[in-house]
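If you read the sequences in order, they're chains A and B. Under this note's numbering, the letters of the first sequence match residues 30 to 538, in that order. Under this note's numbering, the letters of the second sequence match residues 537 to 790, in that order.
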Amino acid sequence: MKFKIAAVIFLLGLCVSGIHAMAKDAFLCMRPEENVAVTIDENKNCVFTEMRASNGALVSPQLSKEGVTYLPLRYICEAAGLTEAPAGVDMPEGSFRYNPLPDGQYVEIRSGGQYYVHKLGDYFSYDDGSGVIKTGRAVNVDGTVYIPMGYIAKLTNGQVFYNDKWKKISFLSGSLNHDDYLDAENDLRFDRRMYMEYEFYSNNLTGSTMYLATDGLDIRDLKDETAQKPRSISRSGNRLYYLNEAGTVMTKTERQPDEAVMQFYDENGNGASINAVTVFVCRNKIYGIQAESGNSGRLFQANLDGTQFVYLTNDYVYNLIMRKRDEVYYLYYCEAATKATIHMIDTRTMDNYTIELTNYSHVNVLDKIKQFVVGDRIVATIDEAGTLRVFRLDDCLEDFEIQRVWDENYLTFWTTPEGYELNNITAMNFDYTNNVLYISATTEGFSASYYYTLQNNCLKRLETSDYPITDVALFKNLGDWTFHVKIVNGGWQMNHLAYYDGNVVFEDE
Amino acid sequence: MKKIISFLSVIAAMIIIGTVSYAATINVPILCYHSVSTNPLALENYTISKSEFEDDVRYFKNKGYNLITPVELPYVSGDYGNIILSFDDGYEDFYKNVFPILKEYNAKAVVYVIGSKIDKTNYLKSWQIKEMDQSGLVEIGNHTDILHSPPKDVLISWYNDSFMLNEAIYDIGKCNQRLYDIIGHYPQSISYPYGAYSESLERLVKDELMFLTSVTTKHGIVTSSSDVYSPMNRIYRIHGDTPKVVEQRIYNLK
């Protein structure tokens, strides 16, 4: 009798533990049709990871016409803490299986003490967790079985959240707390988003040694952590990637003494010798320009572990910048051969677009580009003669890569607001959050910084300086401030910027 | 003598006028497709499945239809048996899912390519366009370079503005040049984005850019041989329809 009671208690214990089976900690933030998801690593830093099916193929969330998000079966089940059961055996608690049977193909799931089986293609209804009844099915998409993500979340006590503005879908496994990851708008909490070069405002265009720390608040000097003076700094999670004085690509963990040379290998495992003009990381890849002819060379790409190194261009390019718009990252660069043609790469697809900006006689308005930046409806160039030109566009380049520029929207700045000749621009950078162009220039014996906005449509002075301002870097932090970091007389000075109706002021004053 | 000459002149004029004004009834339907997908999650009105498309081809072939392309239209005679399968936007699934079926059934189709999308993700690649053109089964058509990007009402306002009309012609010419660089000859047929056009645009497209035919998205069929020289109407092929339903629509328009 005692043995029977003990056996019952034991079995009950098994059932109870099965009903509340612990899912592994899994957070995924993704967008439909994109094959990269944001997850959180053990240090609570964001990393991008490629989404791959069990056969290694890249996959992406699919949005059905009914508005249901589908993910590959194994991908979402494993994220939810389910393990795959082999064929032909009773399925244990917390398992899933795709089972081709003589009468059809079935998806089986055992979770929460329940057994669920669905024939491929047959619709079923489920509560998505918010009380809304949805309809979905298991489907075969080009050899990969997909299933509604919300359904798996529901079965495993996980949660799914949708951010309507950016079309982002977040999945949290049952063990995670929503508030730890998502803000009130169901977007990734900003303090979890320390992975973007975007916050560094094209740091690779400057010689700045500064970087935004993972706390999202502090600007730190990487020079204090490295053997040589670093430049072209960017980050993925708490890993920093940069160039040393020789142009060697280096990497280290923030605030850790683990600086190392980054090794690159192509798809065949052959080593690639890299000496770069500029590098940055974006969306789980590292990009850069190989130093082959002055400041130009071939554009390259690799994984963050250095594997899958590949050249993206055969021709030499320069002025590589990254811009984020509507949560999508775009690379821009200029052709070295023409110095008059800008390209844009959509990092979701790696499609390369040739930008065409002409007047209404179809003549290219770009010429002899020394440096350029791209904003919302703004392209600004400094040519080889040092002349600043600003092009006001009807649309963003990401929407229309071919645009005509009306004569009144083709601005050449020959003079400063004070009336001095503007022919010695010492620095240019762009604030992508507030759509502001910054330049610094030395003219008629004094130095000054200026800015341009679409609202004002003119250069306005930000500050004057007794010494030339030879470099400008911009950072946006958690506090919604932009830091303006400039090098003056060999040293760095930093100010906080504030924006009012297209005007910029130093908040510190 | 003068009376004889006058009489013969009148007879000759009547013959000429009669010949010019005679337009044969040809009743050619042009079916309008967009995407043909193997992804069951992607199917919706204008994205049909590969099996649906194969059903169409098999059905019309078995019924004795002659699957032709727009460039053959001026030579069509008789009012039964010819049909055109047209595909807008130049998606890559045309090469992956449609072209193999065309080859299997020795059927023809026309695909209208957006110039600026060539070689982009999910759109036809240069080598695919070239291969299909060389097969003799696919006519490559022009769907403009970027004019598919602005909204329809903006396009219509452009087409009625003489300045912007020149931009439109330039754009269409650019797509022509992209295709010429791939296939070595200029496309002969154009599909107007959203079916939008103006009479001025149509005149310029035919006279300056030398297009033979143009198509819109207005519901209808090519009833007579004279229709070939105006923007031609088409019939949307919707996901969920059967070939029989499509054929019934054709009959209803004759």
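Every residue, glycine too, gets a C-beta built ideally from N, C-alpha and C.
When you compare only the Cα positions, how much space is there between Arg658/B and Tyr627/B?
-> In the sequence under discussion, the amino acid at residue 658/B is Asn, which differs from the Arg named in the question. If I take the Cα positions, the gap works out to 6 Å.
How would you list, in chain order, the residues of chain B whose beta-carbon sits under 7 Å from the beta-carbon of Asp380/A?
-> Simply Lys656 and Thr657.
Have a look at Gly150/A, Lys148/A and Val189/A and flag the residue whose alpha-carbon is nearest the alpha-carbon of Val161/A.
-> It is Val189/A whose Cα lies nearest to the Cα of Val161/A.
Note down, one range per segment and in chain order, each alpha helix (DSSP H) of at least 4 residues found wholly within the region 178-243 of chain A.
-> Segments of the alpha helix (DSSP H) lying fully in the region 178-243 of chain A: 178-184.
Using a threshold of 8 Å, state whether the C-beta atoms of Val306/A and Asn324/A are closer than that.
-> Annotated as proximal: Val306/A and Asn324/A, with beta-carbon spacing under 8 Å.
Hey, how far is the Cα of Val647/B from the Cα of Ile718/B?
-> Straight-line Cα distance between these residues: approximately 15 Å.
With Ser698/B as the anchor, note down where its alpha helix (DSSP H) starts and where it stops.
-> Ser698/B -> alpha helix (DSSP H) spans Ser698 to Ile719.
If I'm right that Ile371/A touches Leu349/A with Cβ under 8 Å, what's the distance once you round it to whole angstroms?
-> About 11 Å separates the two Cβ atoms, so there is no contact after all.
Which bits of chain B does His372/A rub up against, with CB to CB less than 9 Å?
-> Contact of His372/A with chain B by beta-carbon distance below 9 Å is absent, the smallest such distance being about 13 Å.
Output yes or no for whether 8 Å exceeds the beta carbon distance between Tyr616/B and Asn563/B.
-> With a cutoff of 8 Å on beta-carbon distance, Tyr616/B and Asn563/B are scored as near each other.
Taking the C-alpha atoms as reference points, what is the distance between Ile786/B and His755/B?
-> Going by the C-alpha atoms only, they are around 10 Å apart.
DSSP state of Ser734/B mapped onto helix, strand, coil | In the structure shown, Ser734/B falls within a coil segment according to DSSP collapsed to helix, strand and coil.
Please check the pair Ser622/B and Val781/B, which I expect to be a contact at CB under 8 Å, by giving their CB distance rounded to whole angstroms.
-> With 8 Å as the limit, Ser622/B and Val781/B do not qualify as a contact, their Cβ atoms being about 18 Å apart.
So what does Lys163/A bridge to, in DSSP terms?
-> Beta-bridge analysis with DSSP links Lys163/A to Tyr155/A.
Looking at the C-beta of Pro636/B, does it have a partner C-beta in chain A at a distance below 8 Å?
-> Answer no: the Cβ-Cβ gap between Pro636/B and chain A never drops below 8 Å.
Hey, is Ser613/B's beta-carbon within less than 8 Å of any beta-carbon in chain A?
-> The Cβ of Ser613/B sits no closer than 8 Å to any Cβ of chain A.
Check whether the Cβ atoms of Leu491/A and Tyr480/A sit closer than 8 Å, and answer yes or no.
-> Using a Cβ distance threshold of 8 Å, Leu491/A and Tyr480/A count as a contacting pair.
Proximal residues, the region 78-94 of chain A versus chain B, C-beta separation under 9 Å | Residues passing the 9 Å Cβ filter: Gln91, Leu92, Ser93 and Lys94.
Rounded to whole angstroms, what's the CA-CA distance from Tyr722/B to Ile676/B? Just pull it up for me.
-> Whole-angstrom Cα-Cα distance: 9 Å.
Quick one, which residues of the region 671-702 of chain B are near chain A if we go by CB-CB under 9 Å, in chain order?
-> Cβ contacts with chain A come from Asp681, Ile682, Ser685, Pro686, Phe699 and Asn702.
Arg773/B to Phe589/B span [Cα, whole Å] | Cα-Cα distance, rounded: 9 Å.
Identified DSSP bridge partners for Cys363/A = Residue pairing of Cys363/A in beta bridges, as defined by DSSP: Tyr347/A and Ile371/A.
His147/A CB to nearest chain B CB: under 8 Å?
-> In terms of beta-carbon proximity, His147/A stays away from the interface with chain B, with every pair separated by 8 Å or more.
Inter-residue CB distance, Tyr347/A and Cys363/A (contact presumed, cutoff 8 Å) = Confirmed, about 6 Å.
Okay, do the region 149-169 of chain A and the region 127-139 of chain A touch, 3+ Cβ pairs below 8 Å being the bar?
-> Segments in contact, yes.
Please list the residues of the region 153-171 of chain A that have a C-beta atom closer than 7 Å to any C-beta atom in chain B, keeping them in chain order.
-> Within the region 153-171 of chain A, Val168, Val170 and Asp171 place their CB atoms closer than 7 Å to a CB of chain B, listed in sequence order.
Mind listing the chain B neighbours of Tyr180/A? Cutoff is C-beta to C-beta under 7 Å, in chain order.
-> By Cβ distance, chain B contributes nothing, its closest Cβ being about 14 Å from Tyr180/A, past 7 Å.
What residues of chain A sit near Asn575/B, judged by a beta carbon separation below 8 Å?
-> Gln91, Val170 and Asp171, listed in chain order.
Going by Cα to Cα distance, which pick from Asn64/A, Tyr529/A, Ile498/A and Gly179/A is closest to Gln522/A?
-> The shortest C-alpha separation from Gln522/A is found at Ile498/A.
Counting only beta-carbon atoms, is Phe56/A nearer than 8 Å to chain B?
-> No, Phe56/A does not count as interfacial toward chain B.
Are the beta-carbon atoms of Tyr210/A and Arg218/A separated by less than 8 Å?
-> Closer than 8 Å, so yes.
If you measure from the beta carbon of Leu219/A to each beta carbon in chain B, is any gap under 8 Å?
-> Reading the sequence as shown, one finds Phe at residue 219/A and not Leu. Chain B, which has no Cβ nearer than 8 Å to the Cβ of Phe219/A, makes this no.
According to DSSP, what are the bridge partners of Val782/B?
-> In the DSSP output, where bridge partners are listed per residue, Val782/B has none listed.
Short CB-CB distance (under 8 Å) between Ile105/A and chain B = It does not: the Cβ of Ile105/A has no partner Cβ on chain B nearer than 8 Å.
Mind checking which residues open and close the beta strand (DSSP E) that includes Leu328/A?
-> Leu328 to Asn332 is the span of the beta strand (DSSP E), which, as asked, contains Leu328/A.
First and last residue of the alpha helix (DSSP H) that includes Cys106/A?
-> Residues Leu102 to Ala108.
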